[in-house]
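Numbering (the UniProt record's numbering), first residue to last: 1 to 68. Here is the structure we will look at.
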């Protein structure tokens, strides 16, 4: 795979993700504040629950930090 192919693939992936985000935004703007609050709370709970595992993965991948 050439560098140009990788760049083109990356650009296309970014474009696809932006389009998906715009579609998600259209759905989210129809939700009540209570539903948005519940979604955000679930996200925060999941992040907290997985924080040690994610920190360990980040430290191993980057070589920075200490999760243990």
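Each residue gets a CB set at the ideal place from its N, CA and C atoms; glycine is no exception.
Measure how close the beta-carbons of residue 58 and residue 66 come, nearest whole angstrom, since I'm counting them as under 8 angstroms.
Residue 58 to residue 66, Cβ: 11 angstroms. No contact.
Simplified DSSP state of residue 8, which is helix, strand or coil:
helix
Own chain partners of residue 39 with C-beta closer than 6 angstroms, once the 5 adjacent residues on each side are dropped:
none
Keeping to the same chain, check which residues put their C-beta closer than 8 angstroms to that of residue 42; ignore five residues upstream and five downstream.
none
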